[in-house]
Every structure is written in structure tokens, then in C-alpha cells.
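Novice: Structure provided below as C-alpha cells; questions to follow.
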């Protein structure tokens with residue numbers, strides 16, 4: 023009996039628990055089920071603009087709003103993305119940026135459309151079989167990668183986006199550290215006015 027018990031204990035090892043990977047929902051499925059999305063993260067840039075900024079975001083439908091903070095915790099930059107426009111305001115210097123200046127700070131906007139950023143915030147990877155109509159001479163030295171990790175209760179969440187332009191040695195890495203999907207509506211124009219004032 024003792025030999026049988028030892029054999030049984032030796033053979034009955036605990037099987038490690040593997041969480042199932044839940045298929046990711048599409049962007050239309052998410053905005054059909056939820057109204058808004060909010061969260062926070064960090065952006066790290068090398069090249070023309072160097073440094074790391076933390077940010078919070080609010081996204082609804084096809085628009086997204088960012089509030090960036092510098093390493094001292096000061097509100098440094100506001101950015102509002104719509105499908106047809108990108109607006110940015112430097113709170114420390116109290117000035118608005120032109121689209122060309124925004125591209126210098128965030129070079130990935132040359133190849134990523136604002137709606138793709140919104141999809142990323144919602145946890146949906148944009149389809150990049152080709153870089154949004156960018157000339158092949160430009161796209162040959164540009165790399166765009168996405169990464170999935172566990173985020174809260176989601177096992178395979180989209181959390182990182184990395185842009186690298188090898189020609190000008192410029193890179194931007196974005197990491198989402200928290201994401202909440204909500205069923206309540208947010209007035210983004212009101213948020214923009216409140217924080218901007």
C-alpha cells in the first residue's frame with residue numbers, strides 16, 4: 023500500500039494552469055459594446071525629442087484625448103486626435119503646435135493615422151500589411167511593432183507600440199499600463215476646455 027501511495031503521489035504531479043487566450047474583439051465590436059475607454063501609460067522617445075512622459079487618455083468613438091505629464095508631474099502637453107485633425111497645446115510654454123511641429127515630436131504620426139492611435143488605445147492592433155500609403159523609399163527604413171501582454175484581467179492585451187525610423191535614428195515606444203472600457207459617455211470637448219483653461 024505504501025509503495026502504491028508513493029507511486030501515485032509521484033505520478034500525480036500538479037498540471038500547471040494555463041489561462042486560455044481569449045480572441046481579441048474587433049474595433050467595431052468594442053465600440054458597439056462600450057461607449058468610452060480611458061487609461062494611462064508612458065511614452066519614451068529618442069531622437070529629435072528625447073525623454074519619457076507619462077500620460078492619461080480618454081477615447082470615445084473615433085476621437086482621443088491625451089494629457090501628458092513631465093517627470094516632475096507637471097501637466098506638460100494636451101493632445102486631441104480626431105480622424106481629420108491633430109491638435110496639441112504645450113501647457114508649460116502656453117503655445118499651440120502646428121501639425122509639422124507635432125510630427126517632429128511624434129514622428130509615428132507620419133505613418134499612423136489618428137484613428138489607428140484610437141484603435142490602439144482601445145486595445146485593437148491596426149492592420150499594417152502596408153504603411154498607410156507611405157512611399158516605399160520612406161517605409162523601407164521604418165519599423166512599426168506591437169506587443170501583447172497581460173493587463174489586468176486580460177491575458178493577451180495589446181499594450182505596446184514601437185516606432186523606429188532607422189534613417190534618422192528616431193524611435194518612440196508607447197506602453198499602456200492601464201485600460202478601462204466603460205459604458206458611460208464622456209464630453210471630450212468639455213474635458214479639453216476644462217484642462218486647457
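Residue numbers (the numbering used here): 23 to 219.
Just so it is clear, CB atoms sit at the ideal spot from N, CA and C, and this is done for glycine as well.
Using C-beta distances below 8 Å, list every residue in its chain close to residue 112, excluding the 5 sequence neighbours before and after it, in chain order.
Specialist: 98, 99, 118 and 119
Novice: Which residue marks the beginning of the beta strand (DSSP E) containing residue 126, and which one marks its end?
Specialist: Where residue 126 is concerned, there is no enclosing beta strand (DSSP E), although the alpha helix (DSSP H) it sits in stretches over 121–127.
Novice: Distance, Cα to Cα, residue 56 vs residue 192?
Specialist: The straight-line gap from Cα to Cα measures roughly 35 Å.
Novice: For residue 220 and residue 174, what's the separation of their Cα atoms in angstroms?
Specialist: Absent from the structure is residue 220, since the part of the chain shown begins at 23 and ends at 219.
Novice: Use the C-beta contact count for residue 110: other C-beta atoms within 10 angstroms, 16 or more gives buried, fewer gives exposed.
Specialist: When all chains shown are included, residue 110 counts as buried.
Novice: For residue 62, write down the residues that DSSP places opposite it in a beta bridge.
Specialist: 78 and 200
Novice: Kindly indicate which three-state DSSP category residue 164 falls into: helix, strand or coil?
Specialist: strand
Novice: Is it buried or exposed, residue 121, if we count other Cβ atoms within 10 angstroms and call 16 or more buried?
Specialist: exposed
Novice: Name the residue from 115, 92 and 128 whose alpha carbon lies nearest to the alpha carbon of residue 108.
Specialist: Minimum Cα-Cα distance from residue 108 among the listed residues 115, 92 and 128 corresponds to 128.
Novice: Following the continuous alpha helix (DSSP H) through residue 143, name the residue where it begins and the one where it ends.
Specialist: 136–144 is the extent of the alpha helix (DSSP H) around residue 143.
Novice: Determine which residues share a DSSP beta bridge with residue 174 and list them.
Specialist: DSSP output for residue 174 lists no bridge partner at all.
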